[in-house]
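Novice: Supplied in structure tokens, the structure appears directly below.
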Amino acid sequence: MSKFKLFILFSVFLMTCFPVTGIIKEAGADEKATLERLERIILEQQAQIEALQKQVNEIRTTSEETQKAVQSADTSKGLIKSGNKNTSVTLYGQVNRGVLISDDGDNTDIYQVDNDNSSTRIGIKGSANASEALEIGTKIEVQFESNSTADVNQNNQRGASNNNFTKRHLDLYLSSTPYGKLSIGFGSTASDGTSETDFSGTTVVGYSGVADMAGGQLFYDNNTTALSTTKIGNAFSNMDGLGRDERIRYDTPSFNGFSAATSYIADGGGDVAIKYNTKLDRFKVGASAAYADPASTSAKTDYQISSSFSALHDSGISLTLSGGQRKYKTDTDGDGLFFYSKLGYQADFFSIGKTAFSVDYGFFDDIAMNNDEASTFGAQFVQNITAWGTEYYLGYRLHKLDRDNTDFEDINAILSGFRVKF
338 MSKFKLFILF
348 SVFLMTCFPV
358 TGIIKEAGAD
368 EKATLERLER
378 IILEQQAQIE
388 ALQKQVNEIR
398 TTSEETQKAV
408 QSADTSKGLI
418 KSGNKNTSVT
428 LYGQVNRGVL
438 ISDDGDNTDI
448 YQVDNDNSST
458 RIGIKGSANA
468 SEALEIGTKI
478 EVQFESNSTA
488 DVNQNNQRGA
498 SNNNFTKRHL
508 DLYLSSTPYG
518 KLSIGFGSTA
528 SDGTSETDFS
538 GTTVVGYSGV
548 ADMAGGQLFY
558 DNNTTALSTT
568 KIGNAFSNMD
578 GLGRDERIRY
588 DTPSFNGFSA
598 ATSYIADGGG
608 DVAIKYNTKL
618 DRFKVGASAA
628 YADPASTSAK
638 TDYQISSSFS
648 ALHDSGISLT
658 LSGGQRKYKT
668 DTDGDGLFFY
678 SKLGYQADFF
688 SIGKTAFSVD
698 YGFFDDIAMN
708 NDEASTFGAQ
718 FVQNITAWGT
728 EYYLGYRLHK
738 LDRDNTDFED
748 INAILSGFRV
758 KF
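Now the structure itself:
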């Protein structure tokens, strides 16, 4: 018998016993009246018991129906399941759309864009544990950018991107706790990301890859009173290693925050990188550096060095620095170099999520042509909406480019939009 039923019967017993006690005292005066009264009370209590039992049955039925509904909902969500019972699968992705306003010094244009700082994409991860110390996994990730900020310009305001899925990762890996990780396929090389360590919380709209925000915009030349063929993306580069490519890559385990990696590209290129991530007192600290040799994968670059550093204090203040140097295959091109700095602040001003602000500055020399001198200033704002998996962002950037025998106008750009992750 359930505790609920025992409680009901005990309650009935109490309600019954107190009246009976009074009845017994009166039994000597009028036995017949007392018996009638007792019978009436018993009938009333019996009716109450039946009513309570009916309520219990209704509650039990409702509970069973609710449980079935929950179970049905759980099985009807269309959860991603692996075709192999020994492996797990995760589906993830994001959509990142915004509005870009750009002024080239001659005209102002407005574009509806995909934000190339962090493109729209979708991916699937799969993994299986061969043993307690060995994991085998895969990663398939593709992007689809419609009107990318890296491509739209004054002459092509719509359909400026490749309207197809493009590969980002087609990767297979073996990961061992004591021995490290071996990756084979198309994916990040060891030096990829070594210019982009950044804890500011504003990278969705501004980071060392300053060309991503409006990279397709063309500089206006006052000497010719016409648009040039030079894009922002040509004159600014953060020299972020060898990017993603067909490679074999090995990553060491982490030792006291330090780790190293190296990769070999099918056409002969390769790189080596070292990274450091830790918590020092009230600071979160990250740093990375890499040497990359693109070999035959680049017709212009002989080798390049990239590095970055970022520190975030518990107060929300952050500092980010990045720099690199590129050696060209011909001496007449000089040596390309860049330096980037950012100061940021983030705090929980609103209950919906963290708010982040930052300002940055960078200069870039000899990127597109010898003797080019380019600089940029930017300001960023990001508001997280945690419950929706969403970030709202607003960014401003000024691009300057000085080149021999030209008189380029500065380009001012504003980008605002949302990134929604799932």
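The opening position of the sequence shown corresponds to residue 338 in the working numbering, with each subsequent residue numbered one higher.
Beta carbons are placed, not taken as given, at the ideal position from N, Cα and C, and that holds for glycine.
Fair warning: this is a prediction, and the values are worked out from it, not measured in the lab.
Taking the straight line between their C-alpha atoms, what separation do you get for leucine 738 and aspartate 709?
Specialist: As a working note, residue 738 is residue 401 in the sequence shown. As a working note, residue 709 is residue 372 in the sequence shown. Taking the straight line from one Cα to the other gives about 7 angstroms.
Novice: Which of the three DSSP states, helix, strand or coil, is assigned to aspartate 441?
Specialist: Numbered from 1 along the sequence shown, position 104 holds the residue referred to as residue 441. Coil.
Novice: So, is lysine 362 buried or exposed, given that buried needs 16 or more other C-beta atoms within 10 angstroms?
Specialist: Taking the sequence shown and counting its residues from 1, the one referred to as residue 362 is at position 25. With a pLDDT of only 46 at lysine 362, under 50, the local geometry of the prediction cannot be trusted, and no value is derived from it.
Novice: Between the C-alpha atoms of isoleucine 386 and threonine 424, what's the straight-line distance to the nearest angstrom?
Specialist: Here residue 386 refers to the residue found at position 49 of the sequence shown. Here residue 424 refers to the residue found at position 87 of the sequence shown. Whole-angstrom Cα-Cα distance: 55 angstroms.
Novice: Could you compute how far the alpha carbon of glycine 715 sits from the alpha carbon of leucine 511?
Specialist: As a working mapping, residue 715 is identified with position 378 in the sequence shown. As a working mapping, residue 511 is identified with position 174 in the sequence shown. Going by the C-alpha atoms only, they are around 41 angstroms apart.
Novice: Is the number of C-beta pairs between the stretch 638–652 and the stretch 617–624 that are closer than 8 angstroms three or more?
Specialist: Yes, the stretch 638–652 is in contact with the stretch 617–624.
Novice: Just curious, the beta strand (DSSP E) that tryptophan 614 is in, first and last residue?
Specialist: In the sequence shown, counting from the first residue as 1, residue 614 sits at position 277. The displayed chain sequence assigns asparagine, not tryptophan, to residue 614. 607–617 is the extent of the beta strand (DSSP E) around asparagine 614.
Novice: Can you tell me where the alpha helix (DSSP H) with asparagine 571 in it begins and where it stops?
Specialist: Position 234 of the sequence shown, counted from the first residue, corresponds to residue 571. First-last of the alpha helix (DSSP H) with asparagine 571: 569–572.
Novice: Three-state secondary structure (DSSP) at isoleucine 689?
Specialist: What you label residue 689 is simply residue 352 of the sequence shown in a count that begins at 1. Three-state DSSP puts isoleucine 689 in coil, outside helix and strand.
Novice: Using a Cβ-Cβ cutoff of less than 6 angstroms, which residues in the same chain neighbour serine 596 once the five nearest sequence positions on both sides are dropped?
Specialist: The count along the sequence shown starts at 1 and reaches residue 596 at position 259. So the qualifying residues of the chain are Thr589, Lys612.
Novice: With DSSP collapsed to three states, give me the class of isoleucine 417.
Specialist: The residue labelled residue 417 in the question sits at position 80 within the sequence shown. DSSP places isoleucine 417 in coil when its eight states are reduced to three.
Novice: Answer yes or no: do asparagine 490 and glycine 546 have a C-beta to C-beta separation smaller than 7 angstroms?
Specialist: Position 153 of the sequence shown, counted from the first residue, corresponds to residue 490. Position 209 of the sequence shown, counted from the first residue, corresponds to residue 546. Not a contact, by the Cβ cut-off of 7 angstroms.
Novice: Report the rounded CA-to-CA distance for leucine 555 versus glycine 496, giving the unit in angstroms.
Specialist: Taking the first residue of the sequence shown as 1, we reach residue 555 at position 218. Taking the first residue of the sequence shown as 1, we reach residue 496 at position 159. Distance between the alpha carbons of leucine 555 and glycine 496: 17 angstroms.
Novice: Rounded to whole angstroms, what's the CA-CA distance from alanine 632 to arginine 581? Just pull it up for me.
Specialist: Walking along the sequence shown from the start, residue 632 turns up at place 295. Walking along the sequence shown from the start, residue 581 turns up at place 244. Distance between the alpha carbons of alanine 632 and arginine 581: 15 angstroms.
Novice: Restricting to Cα atoms, I'd like to know which of Gly522, Ala487, Ser537 is closest to phenylalanine 646.
Specialist: For the purposes of this step, residue 646 is taken as residue 309 along the sequence shown, with counting starting at 1. Out of Gly522, Ala487, Ser537, the CA that lies nearest to the CA of phenylalanine 646 is found in Ser537.
Novice: What three-state label does DSSP hand leucine 375 in the structure shown?
Specialist: Position 38 of the sequence shown, counted from the start, is the residue given in the question as residue 375. Leucine 375 carries a helical assignment under DSSP once its states are collapsed to helix, strand and coil.
Novice: Among all the DSSP beta bridges, which residues are the ones paired with isoleucine 461?
Specialist: Locating residue 461 in the sequence shown gives position 124, where the first residue counts as 1. Paired residue(s): Leu428, Ile477.
Novice: Helix, strand or coil for isoleucine 704? Go by DSSP, reduced to three states.
Specialist: Position 367 of the sequence shown, counted from the start, is the residue given in the question as residue 704. In the three-state DSSP reduction, isoleucine 704 falls in the coil class, being neither helix nor strand.
Novice: Please report the residue range of the beta strand (DSSP E) in which tyrosine 557 lies.
Specialist: Numbered from 1 along the sequence shown, position 220 holds the residue referred to as residue 557. Unbroken beta strand (DSSP E) run through tyrosine 557: 555–558.
Novice: Excluding the 5 residues preceding and the 5 following glutamine 449 in the sequence, name in chain order all residues of the same chain whose CB lies nearer than 7 angstroms to its CB.
Specialist: Your numbering for residue 449 matches position 112 in the sequence shown. Closer than 7 angstroms at the Cβ level, and outside the excluded window around glutamine 449, lie Val436, Asn484.
Novice: What's the C-alpha gap between aspartate 702 and glycine 660?
Specialist: Here residue 702 is taken as the residue at index 365 of the sequence shown, counted from 1. Here residue 660 is taken as the residue at index 323 of the sequence shown, counted from 1. Rounded to the nearest angstrom, the two C-alpha atoms are 12 angstroms apart.
Novice: When DSSP builds the beta bridges, which residues end up paired with aspartate 488?
Specialist: Numbered from its first residue, the sequence shown carries residue 488 at position 151. BP columns for aspartate 488 are empty, so no partner.
Novice: Which residues bound the beta strand (DSSP E) around valine 719?
Specialist: Indexing the sequence shown from 1 puts residue 719 at position 382. From DSSP, the beta strand (DSSP E) with valine 719 extends over 710–722.
Novice: Would you tell me roughly how many angstroms separate the C-alpha atoms of glycine 359 and glutamate 376, rounded to the nearest one?
Specialist: Taking the sequence shown and counting its residues from 1, one reaches residue 359 at position 22. Taking the sequence shown and counting its residues from 1, one reaches residue 376 at position 39. In this predicted model, glycine 359 has a pLDDT of only 45, less than 50, meaning its place in the structure is not dependable; the value taken from the coordinates is given anyway. Going by the C-alpha atoms only, they are around 14 angstroms apart.
Novice: Check each candidate in Gly594, Arg584, Ile378, Lys616 and name the one with the smallest Cα separation from aspartate 604.
Specialist: The residue given as residue 604 occupies position 267 in the sequence shown. Measuring C-alpha to C-alpha distances from aspartate 604 to each of Gly594, Arg584, Ile378, Lys616 identifies Arg584 as the nearest.
Novice: Per the DSSP calculation, valine 450 is bridged to which residue(s)?
Specialist: By one-based count along the sequence shown, residue 450 stands at place 113. According to DSSP, which records beta bridges pairwise, valine 450 is partnered with Gly435.
Novice: Taking Cβ positions, are lysine 476 and histidine 506 nearer each other than 7 angstroms?
Specialist: Numbered from 1 along the sequence shown, position 139 holds the residue referred to as residue 476. Numbered from 1 along the sequence shown, position 169 holds the residue referred to as residue 506. Yes, they are a contact pair.
Novice: On the three-state DSSP scale, how would you describe lysine 664?
Specialist: Reading the sequence shown from its first residue, position 327 is the one you call residue 664. Looking at lysine 664 - three-state DSSP - the assignment turns out to be strand.
Novice: For a test of the three-state rule: what should DSSP assign to glutamate 583, helix, strand or coil?
Specialist: Working through the sequence shown from its first residue, we reach residue 583 at position 246. In this structure, glutamate 583 counts as strand in the three-state DSSP scheme.
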